[in-house]
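Protein sequences, first through last, are from chains A and C. Its first residue numbered 10, the first sequence is counted upward by one per residue in our numbering. Its first residue numbered 120, the second sequence is counted upward by one per residue in our numbering. Written below as structure tokens is the structure these notes are about.
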Amino acid sequence: MDDPVIAEGLTKTFKVPVRQAGLRESVKSLFRRQFRYVEAVKEVGFRIPAGEIVGFLGPNGAGKTTTIKMLTGLLHPTSGDARVLGYQPWKRDKDLLRRIALVMGQRNNLQWDLPAADSFLLNKAIYGVPDGVFRERLDDYVDRLEVGALLDKPVRNLSLGERMKMEIIAAMLHGPEVVFLDEPTIGLDVTMQRRLRQFVLDQNKEEGVTVLLTSHYMADVSALAERVIVINQGSLLYDGALTGLSNRFSSHKTIRVEASDLPADLDGLGRVVDRNSAQATLEVERDRVSEVASKLLSAATVTDLSIEDPPLEEVIDRVFSGR
Amino acid sequence: MTTENRFSLVRYYAAGARTGFQRDLQYRMATFMVLVGFLIEPVVYLSVWSAVARAQGGMVGGFDEGQLAAYYVVWTLVRVYNTAFDPKAWEWRIRQGRINTFLSQPVHMFHRDFSFFMGSKIAWTILWIPIAVVLTLVFRPSIEWHVVNVAAFAIAIWGGYAVRFLVLYVMGMINFWTTRGAAMFGIVSALELIFSGRLVPLQLLPDWAESISTWLPFRWTFQFPIEVLIGRLDTTQIAAGIGYQAAWAAGLGLLFTVVWRRAIRRYEAVGN
């Protein structure tokens, strides 16, 4: 069977009206409107095999949401092709729409004035979920996300975190095979983020759901995805293992060393990030890591030494800022 | 997984209508106040035309005082059935990106909106009953009750809803090209006020205006159901009116299908 998500050379160009500030420009624009073309996504291609969770990373305006909109059939690409579960998404075949789900963290998909339970019933009818399956899934999800006491509360009275839990339940009730999660944990506290992450992970492990996840929280990505796709200014920068991201975009590693007799001068070994009498943290170029570690071990009575990749946030920041 | 799912449009309409019904009952006091607000307009019209009828010896345009009262009491119910998803709401929906959710679901949003408003009508009708009782006691409408008229009214009022829903839905599509769809809605609303029979029964307008109204959809959404219930139409006229409603619904449905395809193609190109 082919991969459930395939993007090939996806490109989306928007025609955007432009006008300078000022009254004169306003009048001028009445007669001659000016436009410019913005390439939001440029030749993006990737494949996601069944049952994989992929983190889709990029700064604001990188083209993540535009790509997701093309993959869920909301936007027609300017060029390129895509297949989701074998369908061209923008043809919006009903069979495809019944088998995918889209959760946008900043959008409310539930009936605002009614309890979430009513939205779930509506989704049951939209997707034609049989009674028994619906009841079984709902009980299970409500139990796992601990929202039983909130089911009869109008959505407008729920906190952001509670509402997001309900959004996720609504998106999963029809048993989607592919789920697009666009910033699902945005604005949530750490506990709530963890709860939602665990739920997505369980769905992936138990039901084999394929997930494409965008998030600005690296904790989401590192907890859920072994593979990440990085996009910036519409272009794909990286597609590979999360662990490989540091190798590719970070030229250094961090060495932490504890010793009672640390040499006074560590500058020759690397950039000293932090130090006190018995401990030091050094930023060392990747190809010098073993050499520096050996030197430290021989120069002092080392009680602890660790070599780490820089934090993911730092690597991502480096990628996005082009440093 | 999803292969076990079985969609049924009838079940979906039932669920959509239930949601619309629940939503409007959730705010029953607000809904009731809107209904009370609806009263001001017909009560003013009724007072004016009753005075004119009295001044002319009891009749105006073929209506006596009791028939005028009947016209405007039924008016209040038909007005409820004439509310639908208007172009201003479309503008909001597109600007807010709400349309994305509906486009990513396997049911056309037409069915969603149509069924929601159907359920909403039921809720509003329940809240309308006490208002109708008060209006009846105050204005003493004269209606000749016939089973055929009541049955035909049940069809005509829903037919009127379908036609008006489609008129507004097609107009709502303008918002895919311009964010000023609401302005055009204002112009059409003014025409509708005159040619629907909402302002005044069409028999009271000059002949040319009444003739024009036959060829516009508005009469069939508003005055026609009222006249059916108050017994001003014979069986042939009722059948013809339902025929006009069906023709308008079919024509507008076809127009919507064509315009929707273009609108959505534009949305896919521009996005939100």
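Glycine included, each C-beta is placed from N, C-alpha and C at the ideal position.
Counting only beta-carbon atoms, is residue i nearer than 8 Å to chain A?
{"i": "Leu222 of chain C", "result": "yes"}
{"i": "Gly62 of chain C", "result": "Given a span of 120 to 391 for chain C in the structure shown, any question on residue 62 of chain C remains unanswerable."}
{"i": "Met120 of chain C", "result": "Residue placement at Met120 of chain C cannot be trusted, given a pLDDT of 49 that sits under 50; what the coordinates show is reported in the next sentence. Met120 of chain C counts as touching chain A."}
{"i": "Arg351 of chain C", "result": "no"}
{"i": "Pro225 of chain C", "result": "yes"}
{"i": "Leu323 of chain C", "result": "no"}
{"i": "Gln342 of chain C", "result": "no"}
{"i": "Arg393 of chain C", "result": "An answer regarding residue 393 of chain C cannot be provided, because it is not within the stretch 120 to 391 covered by chain C."}
{"i": "Glu210 of chain C", "result": "no"}
{"i": "Arg381 of chain C", "result": "no"}
{"i": "Asn219 of chain C", "result": "yes"}
{"i": "Arg130 of chain C", "result": "yes"}
{"i": "Glu311 of chain C", "result": "no"}
{"i": "Ala281 of chain C", "result": "no"}
Under 9 Å Cβ-Cβ, which residues of chain A neighbour residue i?
{"i": "Ser127 of chain C", "result": "Ala134 and Gly137"}
{"i": "Ala242 of chain C", "result": "By Cβ distance, chain A contributes nothing, its closest Cβ being about 12 Å from Ala242 of chain C, past 9 Å."}
Under 8 Å between C-beta atoms, does residue i make it to chain C?
{"i": "Asn256 of chain A", "result": "no"}
{"i": "Thr81 of chain A", "result": "yes"}
{"i": "Pro320 of chain A", "result": "no"}
{"i": "Gln97 of chain A", "result": "no"}
{"i": "Leu106 of chain A", "result": "yes"}
{"i": "Ser330 of chain A", "result": "no"}
{"i": "Gly70 of chain A", "result": "no"}
{"i": "Lys51 of chain A", "result": "no"}
{"i": "Gln334 of chain A", "result": "The shown model of chain A, from 10 to 332, leaves out residue 334 of chain A, and the question about it has no answer."}
{"i": "Asp127 of chain A", "result": "yes"}
{"i": "Arg41 of chain A", "result": "no"}
{"i": "His85 of chain A", "result": "yes"}
{"i": "Val116 of chain A", "result": "Note on residue identity: the sequence assigns Arg, not Val, to residue 116 of chain A. So, interface residue."}
{"i": "Leu130 of chain A", "result": "yes"}
Can you name the residues of chain C whose CB is closer than 7 Å to the CB of residue i?
{"i": "Lys73 of chain A", "result": "In chain order: nothing, as chain C lies at least about 14 Å away."}
{"i": "Gln288 of chain A", "result": "Chain C residues near Gln288 of chain A: none, gap ~51 Å exceeds 7 Å."}
{"i": "Leu111 of chain A", "result": "Ser223"}
Report yes or no: is there a C-beta of chain E within less than 8 Å of the C-beta of residue i?
{"i": "Gln364 of chain C", "result": "Absent here is chain E; the protein component of the structure consists of chains A and C."}
Report the residue from the options whose alpha carbon sits nearest the alpha carbon of residue i.
{"i": "Val112 of chain A", "options": "A:Ile177, A:Leu123, A:Gly137 and A:Arg172", "result": "A:Ile177"}
{"i": "Val298 of chain A", "options": "A:His261, A:Asp161 and A:Glu267", "result": "A:His261"}
{"i": "His225 of chain A", "options": "A:Val237, A:Leu278 and A:Gln97", "result": "A:Val237"}
{"i": "Ala369 of chain C", "options": "C:Gly139, C:Gly279 and C:Glu184", "result": "C:Gly279"}
At what residues does the alpha helix (DSSP H) containing residue i begin and finish?
{"i": "Glu160 of chain C", "result": "Arg147 to Ala174"}
{"i": "Asp149 of chain A", "result": "Asp140 to Leu154"}
{"i": "Thr255 of chain C", "result": "Met228 to Phe258"}
{"i": "Gln212 of chain A", "result": "Val199 to Glu216"}
{"i": "Asn124 of chain C", "result": "Per DSSP, Asn124 of chain C belongs to no alpha helix (DSSP H) and is neither H nor E."}
{"i": "Ile238 of chain A", "result": "Premise fails: Ile238 of chain A lies in the beta strand (DSSP E), Arg236 to Asn241, not in any alpha helix (DSSP H)."}
Output the boundary residues of the beta strand (DSSP E) element that contains residue i.
{"i": "Asp313 of chain A", "result": "Val311 to Glu317"}
{"i": "Ala16 of chain A", "result": "Val14 to Val27"}
{"i": "Gln97 of chain A", "result": "Segment: none, Gln97 of chain A is in no beta strand (DSSP E) and carries neither H nor E."}
{"i": "Gln43 of chain A", "result": "Gln43 to Ile57"}
{"i": "Arg265 of chain A", "result": "His261 to Ala268"}
{"i": "Arg280 of chain A", "result": "Arg280 to Arg284"}
{"i": "Gly114 of chain A", "result": "It is not in any beta strand (DSSP E) - Gly114 of chain A carries neither H nor E in the DSSP assignment."}
Report the neighbours of residue i on chain C: residues whose CB is nearer than 9 Å to its CB, in chain order.
{"i": "Lys103 of chain A", "result": "Phe126, Pro225 and Val226"}
{"i": "Arg92 of chain A", "result": "Under the 9 Å cutoff, chain C gives no residues; its nearest Cβ is about 17 Å from Arg92 of chain A."}
{"i": "Leu123 of chain A", "result": "Thr138, Gln141, Arg142 and Gln145"}
Applying a beta-carbon distance threshold of less than 8 Å, which residues of chain A neighbour residue i?
{"i": "Glu387 of chain C", "result": "Leu83, Leu84, His85 and Trp99"}
What does residue i touch in chain A if you count any residue whose Cβ is under 7 Å from its own?
{"i": "Ala271 of chain C", "result": "By Cβ distance, chain A contributes nothing, its closest Cβ being about 31 Å from Ala271 of chain C, past 7 Å."}
Quick one: which residues of the region 12 to 34 of chain A get their C-beta closer than 9 Å to a C-beta of chain C? List them in chain order.
-> Lys21, Phe23 and Lys24
Using a Cβ cut-off of 8 Å, which residues of the region 166 to 197 of chain A contact any Cβ in chain C, in chain order?
-> His183, Gly184, Pro185 and Glu186
Short-range partners of chain C found in the region 140 to 158 of chain A, where Cβ spacing is below 8 Å = For chain C, the residues of the region 140 to 158 of chain A that bring a beta carbon within less than 8 Å of one of its beta carbons are Val142, in chain order.
Proximal residues, the region 136 to 167 of chain C versus chain A, C-beta separation under 8 Å = Arg137, Thr138, Gln141, Arg142, Gln145 and Tyr146
Members of the region 293 to 325 of chain A near chain C, C-beta cut-off 7 Å | none
Report the residues of the region 185 to 213 of chain C with a CB closer than 7 Å to any CB of chain A, ordered along the chain.
-> Interface annotation for the region 185 to 213 of chain C against chain A: empty, criterion Cβ-Cβ distance under 7 Å.
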